[in-house]
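Quick notes on the structure that follows.
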Amino acid sequence: MKKNILLVIIAVVACAMTSYAQGRKGLCINEVMVQNDSSSIIDEYGLYHAWVELFNSTHAPMEISSVFLTNDPNVPKKYPVPLGDVKTEIPSRQHVIFWADNEPNKGTFHLSFQLEAGKDNWIGIYDADGITLIDSVTVPANLASNTTWARIADGETGWEVRDGSEAKYITPSSNNIIVDTNGKVDMFAEKDANGFVLTLMAMAIVFSALLVLSICFYIISKTGEKISKINKLKAQGIAPEEVAKGEKINDSGEEIAAIAMALHEHLNAHDQENTILTINKVKRAYSPWSSKIYGLRELPRR
Amino acid sequence: MGEQSLSEFMLQNLQHFWDLTGFNNATWEHFVMLAVGMFFLWLAIKKNFEPMLLVPIGFGILIGNIPFAAGTEVGIYEEGTVLNILYNGVSAGWYPPLIFLGIGAMTDFTALIANPKLMLVGAAAQFGIFGAYMVALALGFAPDQAGAIAIIGGADGPTAIFLSSKLAPNLMGAIAVSAYSYMALVPVIQPPIMRLLTTKKERVIKMKPARAVSQNEKIIFPIVGLLLTCFVVPTALPLLGMLFFGNLLRECGVTTRLAKTASNALTDIVTILLGMTVGASTQASEFLTAETIGIFALGFMAFIIASTSGVLFVKLFNLVLPKSKKLNPLIGNAGVSAVPMSARISNNLGLEYDPSNYLLMHAMGPNVAGVIGSATAAGVLLAFLA
Chain B
1 MKKNILLVII
11 AVVACAMTSY
21 AQGRKGLCIN
31 EVMVQNDSSS
41 IIDEYGLYHA
51 WVELFNSTHA
61 PMEISSVFLT
71 NDPNVPKKYP
81 VPLGDVKTEI
91 PSRQHVIFWA
101 DNEPNKGTFH
111 LSFQLEAGKD
121 NWIGIYDADG
131 ITLIDSVTVP
141 ANLASNTTWA
151 RIADGETGWE
161 VRDGSEAKYI
171 TPSSNNIIVD
181 TNGKVDMFAE
191 KDANGFVLTL
201 MAMAIVFSAL
211 LVLSICFYII
221 SKTGEKISKI
231 NKLKAQGIAP
241 EEVAKGEKIN
251 DSGEEIAAIA
261 MALHEHLNAH
271 DQENTILTIN
281 KVKRAYSPWS
291 SKIYGLRELP
301 RR
Chain U
303 MGEQSLSEFM
313 LQNLQHFWDL
323 TGFNNATWEH
333 FVMLAVGMFF
343 LWLAIKKNFE
353 PMLLVPIGFG
363 ILIGNIPFAA
373 GTEVGIYEEG
383 TVLNILYNGV
393 SAGWYPPLIF
403 LGIGAMTDFT
413 ALIANPKLML
423 VGAAAQFGIF
433 GAYMVALALG
443 FAPDQAGAIA
453 IIGGADGPTA
463 IFLSSKLAPN
473 LMGAIAVSAY
483 SYMALVPVIQ
493 PPIMRLLTTK
503 KERVIKMKPA
513 RAVSQNEKII
523 FPIVGLLLTC
533 FVVPTALPLL
543 GMLFFGNLLR
553 ECGVTTRLAK
563 TASNALTDIV
573 TILLGMTVGA
583 STQASEFLTA
593 ETIGIFALGF
603 MAFIIASTSG
613 VLFVKLFNLV
623 LPKSKKLNPL
633 IGNAGVSAVP
643 MSARISNNLG
653 LEYDPSNYLL
663 MHAMGPNVAG
673 VIGSATAAGV
683 LLAFLA
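Residue numbers (the numbering used here), protein chains in the order written: chain B, 1 to 302; chain U, 303 to 688.
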């Protein structure tokens, strides 16, 4: 009974953990354009519309069908992302754009609401239950035409206005900071050209990891030895305190072997063999798969 | 269609067939690589140098260097081909963790648990990796490439493949072949270094026999080992996680069947696929470059530095150890993780100087510590450079 209860508890905990792991906590609003008059981005019908960019900040693909997008916190289920569209799975660290054109019949990525220029625009994403708010942002009313309200870096907390200039480029469906080199490698190439610093750090880490492991096992072995000694004494009916006061109990394998050999020599003890040879037939189940007759040839033996 | 046109048609098709044949597409580089493949097979079959690795790699080199016309969808680098699908385990880096699962299920960590200070010898030998990293930088390799090449010094083929697939995928073929070649050549490379760095007196040091290790300690080891090492270097989790998992399967006593599968059938299957595809990835066009020669030279040097630092560390360590607990420096070379080859070398050399001095079990300590050490070092390089 107890075992069954334990199994049920484990199953419930595992299910809870799995559902948590599958949550959409990593989904976020990444960049928003409220007035899209003549920017370079148009929808698949060739029209200019306001757009909302979502970003999957996790390192695993994320299925977003059945989450809700809304511009009204009182109506959280305004636009449900439809099921059955393969494009609703956002790859790891990638983006997807929704058009705020109030024309949901145009396709999965066309929202059922519009954003209003000159007003604060609140946008939120709710999970499939329509209650859990995953992310929200309030786009300021003074956002100019063809500019965006964007996170400074993908998925990070800071926001800024982007006007399309060289320093503040607009990045629909793309990373807000475009990185074309491996920063770490460049840094090591510049600051540690001869590799001495990395060598020093890496050796220190490897050494300390193994040192900690070795200390840990030293302690475990000492504790284990102590416990097994106490258990042995208990089995022999000797109280551990008596041993602490009295003589040392020695059970090293070497000493036992030496005593055994000495006894063997002293008693001139030899094993007596009965010198009877018995031959028994070995029975093996026959199988054509292992039959030599059906084999093409034996494997060469070296 | 007259007789003339029929012969023309046949000629045209034969011409097309000729265009596809290896004879038409062969270059001198192909023949060089085919010779390299045959040399590997000769080393494995005739000289018995790591045949389990060199036969698949050598034959893989032959497979990968059969000349063919581009676009015939047979090459290892052409997407969707059979070889390309099998190569995914190498390029995406999931063969090495499976090999580590098998290594864990095969490895007895008793020697290390009985004498935990031997772990430091395994750590010291990893200087081969970082020494080679510095030299690779001096030769003009970028830091990520230098890290991928330097891991050869860990003497651990799966780790080398795992790391190079992340840091320098374009150099992976050369790095893998170099790592496995030098692992096979451990019996040739290490003994002269060991003789050079030790005195006759040191070579006959007898170490105290290892204490008995309880089953509980053996079960605790993979769990504590995983937690401690992977908390420090989570980037090594695919390797260390599988290594310790395999070891727990072996030691816990209730999963014998799983441990047997992991250490026999699974390891054999993955070794076959890994060796063959690594060999096949050495297509002449990708492999025969000046960089490859540099990688082989650096790999050789990394092995020498690793073996040297292991032996020297033991000598240094002996300065602080009491007389009764001194270590034989001949076990220092085993800090590289070529299991169990380098431990066997320690033993053979020890027996050469004192026929009653069996060092095998003592050398297995640093040897298996080397496996943990090289995987940790790979994790550190990955954390810094990826």
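Even for Gly, the Cβ is constructed at its ideal location relative to N, Cα and C. Nothing here was measured: the structure is a model prediction, and the numbers come from that model.
Among residues of its own chain, excluding the 5 on either side of residue i, which ones have a beta-carbon nearer than 7 Å to its beta-carbon?
i, result
"B/A100", "H49, A50, W51, V52, L111, F113, Q114, L115"
"B/A21", "Confidence at B/A21 is low in this model, with a pLDDT of 45, below 50, so the placement of that residue should be treated as unreliable; the coordinate-derived value is given next. Nothing listed; no residue qualifies."
"B/T18", "The predicted model places B/T18 with a pLDDT of 49, which falls under 50 and marks its position as unreliable, so this point remains unresolved."
"B/P140", "D120, W149"
"U/M303", "Residue placement at U/M303 is poorly supported in this model, since its pLDDT is 49, which falls under 50; the coordinates still yield a value, given next. Nothing meets the Cβ criterion."
"B/P80", "S66, F68"
"U/K468", "G395, L684, A688"
"U/L539", "C532"
"U/F602", "Y484"
Have a look at the options and flag the residue whose alpha-carbon is nearest the alpha-carbon of residue i.
i, options, result
"U/P494", "U/S639, U/W344, U/S609, U/N327", "U/S609"
"B/L47", "B/Q35, B/D72, B/S57", "B/Q35"
"B/I177", "B/G158, B/I230, B/M187, B/K191", "B/G158"
"U/L651", "U/M666, U/L632, U/A640, U/H664", "U/L632"
"U/K617", "U/A640, U/L498, U/M663", "U/L498"
"U/I657", "U/T531, U/F615, U/R505", "Correcting the residue type first, residue 657 of chain U is Pro in the shown sequence and not Ile. It is U/R505 whose Cα lies nearest to the Cα of U/P657."
"B/A144", "B/H264, B/N280, B/V161, B/I152", "B/V161"
"U/F411", "U/L623, U/E553, U/L385, U/L403", "U/E553"
"U/A413", "B/R24, B/A167, B/S221, B/Y79", "B/S221"
"U/L284", "U/G681, U/A677, U/M663, U/N315", "The structure shown does not extend to residue 284 of chain U, since chain U is modelled only from 303 to 688, so the question has no answer here."
"B/L200", "U/V682, U/T591, U/S639", "U/V682"
"B/M315", "U/V535, U/L487, U/L529", "There is simply no residue 315 of chain B to check, as chain B begins at 1 and stops at 302 in what is shown."
Residue i versus chain U: which residues are under 8 Å apart at the beta carbon?
i, result
"B/I220", "E519, I522, V526"
"B/S92", "Those do not exist, as B/S92 stays about 14 Å from chain U at its closest Cβ, beyond 8 Å."
"B/S228", "S516"
Assuming the contact rule is C-beta atoms closer than 8 Å, residue i and residue j should be a hit. Round their C-beta distance to whole Å, please.
i, j, result
"B/S39", "B/I97", "About 12 Å; that fails the 8 Å criterion."
"U/L361", "U/G339", "First, the residue type needs correcting, since residue 361 of chain U is Phe and not Leu in the sequence shown. Yes, they are in contact, since the Cβ atoms of U/F361 and U/G339 sit about 7 Å apart, within 8 Å."
"B/S208", "U/L422", "Contact flag wrong, Cβ pair sits at about 11 Å."
"U/T500", "U/V613", "7 Å"
"U/L568", "U/G404", "6 Å"
"U/K508", "U/N659", "6 Å"
Residues of chain U with CB under 7 Å from residue i, in chain order?
i, result
"B/L211", "L422"
Name the chain B residues whose beta carbon is nearer than 8 Å to that of residue i?
i, result
"U/V689", "Outside the displayed span of chain U (303 to 688) sits residue 689 of chain U, for which this structure offers no information."
"U/D278", "This structure gives no information on residue 278 of chain U, because the portion of chain U shown stretches from 303 to 688."
"U/F686", "K184, F188, L198, M201, A202"
"U/V535", "I205, A209"
"U/G675", "V206, L210"
"U/T678", "I205, V206, A209, L210"
With distances taken between CB atoms, is the gap from residue i to residue j smaller than 8 Å?
i, j, result
"U/E352", "U/M485", "yes"
"U/A671", "U/G637", "yes"
"U/T537", "U/L355", "no"
"U/S611", "U/A426", "yes"
"U/I368", "U/L576", "no"
"B/P61", "B/P91", "yes"
"U/A452", "U/A328", "no"
"U/G675", "B/L210", "yes"
"U/I477", "U/A462", "yes"
"B/C216", "U/V580", "no"
"U/M335", "U/I359", "no"
"U/D446", "U/L629", "no"
"U/I647", "U/Q428", "no"
"U/E331", "U/A586", "yes"
"U/A450", "U/L600", "no"
Looking only at its chain, what residues have a beta carbon closer than 8 Å to the beta carbon of residue i, apart from the 5 residues adjacent to it on each side?
i, result
"B/I276", "none"
"B/I131", "P76"
"U/I415", "V515, E519, K520, F523"
"B/N30", "E53, L54, F55, H95, A150, R151, D154, G155, N176"
"U/Q314", "none"
Who are the Cβ neighbours of residue i in its own chain at under 6 Å, not counting the five residues just before and after it?
i, result
"U/F598", "S480"
"B/T70", "P76, K78, G124"
"B/I238", "none"
Give me the chain U residues within the contact set of residue i, using Cβ-Cβ distance strictly less than 9 Å, ordered along the chain.
i, result
"B/N194", "M436, L439, A440"
"B/F217", "L414, I415, P418, M421, E519, I522, F523, V526, G527"
Listing by chain order, which chain B residues have their CB less than 9 Å from the CB of residue i?
i, result
"U/T409", "Those within 9 Å of U/T409 in chain B number zero; the least Cβ separation is about 15 Å."
Give the interface partners of residue i over in chain B, defined as CB-CB distance under 7 Å, in chain order.
i, result
"U/A425", "V206, F207, L210"
"U/V682", "A202, I205, V206"
Open item on the list: Which residues of the segment 428-441 of chain U have a Cβ closer than 9 Å to any Cβ of chain A? Give them in chain order.
Closed with: Although the question refers to chain A, the structure presented lacks it and instead comprises the protein chains B and U.
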